[in-house]
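The next block holds one structure in the form of structure tokens; read it before the comments.
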Amino acid sequence: MSSHREAPEISKDPVADSTDVYAFVSPDRPDTVTLIANYIPLQAPDGGPNFYEFGDDVLYEIHISNGQKAEADITYQFEFHTRIRNKFSFLYNTGPITDIHSGTWNRPQFYSLTRVEKGRSKVLAKNLECPPVNVGPRSTPNYAALAAQAVHTIDGGRKVFAGQRADAFHVDLGSVFDLGALRPVNHLHLISMPDTTGVNSVQGFNVHTLALQVPKRDLTRDGNLPTAVGSGKSVVGVWATASRRKSQIWDARTGRYVGHGPWKQVSRLGNPLFNEVLVPMAEKDLWNARPPSKDARFAKYVDHPELAKLLPALYPGVFPNLAAYSKARADLNAILLTGIPAGVVPGFQNFTGPVASDMLRLNMAIPPSANENPLGLVAGDAAGFPNGRRLGDDVVTIELRAVAGLTLPLVDTSFTPDGAASAIADGTTNTNAGITGTFPYLGLPGGGYQTVPGTTAAS
Amino acid sequence: MSDTSRRKFLAAAGAGTAATAVVTLSGGAAQAATTRTKGAATEPVVAYVQDPKAGVLYLMVGEREVIVEDHDLVARILNAAGGR
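Residue numbers (the working numbering), protein chains in the order written: chain L, 1 to 459; chain U, 1001 to 1084.
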């Protein structure tokens, strides 16, 4: 998955597990950028009675690098606290929740938003309300209205939302993790099976979303509006983290863990699938604990990705040119670790300096597309991945094809991609809840009552 | 820990905005009764000896970490942990 359960350690800590990061120029407010970081993967909507919520013991952060050094020049911090209104009830809600202030919501959650720049912290807002989760038509009868109440406008032309939404990512997990199978081309696999259509494994699951919409000027290093595509000042690097206190002590008096000491990073996410697919299992936990600026040690996994060797092995005869290519993958290095410099793609660049670092890179001077192409930049839509990432971008197909060699001619004209490089896909389409036209854009989360679980098949 | 070194430690622990302070303490025989000074921590403290062979103690207090290099103090903790 993009980063759902992507490393051994964080897969045991879903509350801190970042699943996807998005950064795009807001289509309905093009003078702003929307930053989204999702957490808590694969939420079954009916997962009560203790429904999903952000961790009060987790520090969630969205980082911006605008100084060309892959460092966090600006950080937005989210810190949560929950309350129990009725300590004598086991219920999440003691009646219909018709308003986010409703007394029938027994476990409301609140948060503060802090902006850190140059070591200085400024609390932008406190005690902002999250919405409840979507329990069902009796408990949360007008969920759209509840969610809308949790969109907060704060000083500086900013908007913020923190709460449950539908996952926007689509991928065939069941297939790709079954020895790299792609259902549409099952017959070509080393262990051949009949071709079928892809299955969107994420369909029907929710996540918890941190969404922030800020003026572009909030993110540039000089505070000016970015208008020149060719300027380094127009490009920002974006990644999200989650941190826990260094020490957690079990307090048997309360039956809870208590944190002590400084916050330590336990989860990180910039480009989709980076830690998931490129970093070996033995180093995934370490990767999650490090900042992008220290990613040079992982560059060899980008330059010579394991997946590029697996594709020709798993699909014999399909990727002969890829199999024969032994040089470092400068295309993947540029896309994922430095940004694409000027001169590679006409009229485009999102270079953030030479420091090898996994960040989502957004050139804010590029306006949103009137007609989004989910294949983004490789399909000629410069407003899409890997120029930032929009909710509708098909990052699985884009990255799969890039690893298969489709983007290699951009930097090595001697290479001819295999025919399959421009065709392979996992066969899924975006069958998730529809993206909305307004902030926070992600679809409303599936309701516990309304959502029907999938089927199970053992053989 | 001597009173003198104790004061150094506490001063460093409370100084600055960095989450982690590193303090090297001068040696000195353990005293039987060390009194708390004005700046002593009032919150719960977690002490961690990561490497029993090194004389380094990690103290986690609030959102801070204080790293104390004190072979004598670490030795006493190791002795206590060993039941002696």
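Positions of the beta carbon are idealized from the N, C-alpha and C atoms, including for glycine.
Taking only the alpha-carbon atoms, compute the straight-line gap between residue i and residue j and give it to the nearest angstrom.
{"i": "L:Tyr-60", "j": "U:Val-1045", "result": "24 angstroms"}
{"i": "L:Pro-305", "j": "L:Ala-125", "result": "43 angstroms"}
{"i": "L:Arg-256", "j": "L:Trp-250", "result": "6 angstroms"}
{"i": "L:Leu-225", "j": "L:Gly-204", "result": "39 angstroms"}
{"i": "L:Ala-206", "j": "L:Pro-445", "result": "Just to set this straight, residue 206 of chain L is Asn in the shown sequence, not Ala. Straight-line Cα distance between these residues: approximately 6 angstroms."}
{"i": "L:Asp-218", "j": "L:Arg-85", "result": "37 angstroms"}
{"i": "L:Leu-336", "j": "L:Leu-408", "result": "13 angstroms"}
{"i": "U:Ala-1075", "j": "U:Thr-1034", "result": "17 angstroms"}
{"i": "L:Gly-157", "j": "L:Lys-122", "result": "15 angstroms"}
{"i": "L:Asn-333", "j": "L:Lys-327", "result": "12 angstroms"}
{"i": "U:Asp-1070", "j": "U:Leu-1057", "result": "7 angstroms"}
{"i": "L:Thr-254", "j": "L:Asn-134", "result": "29 angstroms"}
{"i": "L:Gln-164", "j": "L:Gly-448", "result": "12 angstroms"}
{"i": "L:Asn-432", "j": "L:Asn-127", "result": "31 angstroms"}
{"i": "L:Lys-87", "j": "L:Ala-383", "result": "49 angstroms"}
{"i": "L:Ser-231", "j": "L:Asp-394", "result": "27 angstroms"}
{"i": "U:Gly-1082", "j": "L:Ala-166", "result": "53 angstroms"}
{"i": "U:Ala-1054", "j": "U:Met-1060", "result": "18 angstroms"}
{"i": "U:Glu-1065", "j": "L:Pro-8", "result": "26 angstroms"}
{"i": "L:Met-364", "j": "L:Gly-388", "result": "9 angstroms"}
{"i": "L:Val-199", "j": "L:Ser-175", "result": "8 angstroms"}
{"i": "L:Leu-375", "j": "U:Glu-1043", "result": "53 angstroms"}
{"i": "L:Arg-5", "j": "L:Ser-11", "result": "4 angstroms"}
{"i": "L:Ile-62", "j": "L:Pro-132", "result": "23 angstroms"}
{"i": "L:Val-185", "j": "L:Ala-296", "result": "35 angstroms"}
{"i": "U:Ala-1029", "j": "L:Gly-261", "result": "Note that U:Ala-1029 scores a pLDDT of 49, beneath 50, so its modelled location is shaky and nothing firm can be said."}
{"i": "L:Phe-274", "j": "L:Leu-307", "result": "12 angstroms"}
{"i": "L:Ala-228", "j": "L:Val-25", "result": "15 angstroms"}
{"i": "L:Ala-478", "j": "L:Gly-223", "result": "Given that chain L is displayed from residue 1 to residue 459, the structure contains no residue 478 of chain L and the question cannot be resolved."}
{"i": "L:Ile-340", "j": "L:Val-411", "result": "10 angstroms"}
{"i": "L:Trp-263", "j": "L:Gln-77", "result": "12 angstroms"}
{"i": "L:Asp-56", "j": "L:Asn-38", "result": "16 angstroms"}
{"i": "L:Val-279", "j": "U:Ala-1041", "result": "42 angstroms"}
Between residue i and chain L, is there a C-beta pair that is closer than 8 angstroms?
{"i": "U:Val-1074", "result": "no"}
{"i": "U:Val-1046", "result": "yes"}
{"i": "U:Glu-1063", "result": "yes"}
I want to see whether chain U comes within less than 8 angstroms of residue i, judged by CB atoms only; does it?
{"i": "L:Lys-246", "result": "yes"}
{"i": "L:Trp-250", "result": "no"}
{"i": "L:Pro-453", "result": "no"}
{"i": "L:Gly-261", "result": "yes"}
Can you check DSSP and say which residues form a bridge with residue i?
{"i": "L:Lys-294", "result": "Per DSSP, none; premise fails for L:Lys-294."}
{"i": "L:Gly-454", "result": "Paired residue(s): none; L:Gly-454 is not in a bridge."}
{"i": "L:Asp-251", "result": "L:Arg-256"}
{"i": "L:Val-21", "result": "L:Ala-37"}
{"i": "L:Ile-74", "result": "L:Ile-64, L:Glu-117"}
{"i": "L:Trp-105", "result": "L:Asn-93"}
{"i": "L:His-208", "result": "L:Tyr-39, L:Gln-164"}
{"i": "L:Pro-215", "result": "L:Thr-32"}
{"i": "L:Glu-306", "result": "Answer is none; L:Glu-306 lacks a bridge partner."}
{"i": "L:Trp-239", "result": "L:His-63"}
{"i": "L:Glu-79", "result": "L:Ser-112"}
{"i": "L:Leu-442", "result": "In DSSP, L:Leu-442 forms no bridge with anything."}
{"i": "L:Leu-188", "result": "None, per the DSSP bridge assignment."}
{"i": "U:Arg-1064", "result": "U:Val-1061"}
Helix, strand or coil, according to DSSP, for residue i in the structure here?
{"i": "U:Glu-1069", "result": "strand"}
{"i": "L:Ile-10", "result": "helix"}
{"i": "L:Lys-246", "result": "strand"}
{"i": "U:Val-1046", "result": "strand"}
{"i": "L:Tyr-301", "result": "helix"}
{"i": "L:Lys-264", "result": "strand"}
{"i": "U:Leu-1057", "result": "strand"}
{"i": "L:Val-345", "result": "strand"}
{"i": "U:Ala-1030", "result": "Below a pLDDT of 50, predicted positions are generally treated as unreliable, and U:Ala-1030, at 49, falls in that range; the measurement from the model is reported next regardless. Three-state result, U:Ala-1030: coil."}
{"i": "L:Gly-232", "result": "helix"}
{"i": "L:Leu-225", "result": "coil"}
{"i": "L:Val-277", "result": "helix"}
{"i": "U:Arg-1076", "result": "helix"}
Is any beta-carbon of chain C found at less than 8 angstroms from that of residue i?
{"i": "L:Lys-216", "result": "The structure shown contains no chain C; its protein chains are L and U."}
- Query: Where in the segment 347-408 of chain L do unbroken runs of the alpha helix (DSSP H), each at least 4 residues long, occur, reported from the N-terminal end onward?
  - Reply: Within the segment 347-408 of chain L, complete alpha helix (DSSP H) segments of at least 4 residues are found at 395-403, given in chain order.
- Task: Enumerate, from N- to C-terminal direction, the unbroken beta strand (DSSP E) stretches of 3 or more residues contained entirely within the segment 109-186 of chain L.
- Result: With a minimum length of 3 residues, the continuous beta strand (DSSP E) runs that stay inside the segment 109-186 of chain L are 109-117, 120-129, 152-154, 158-166.
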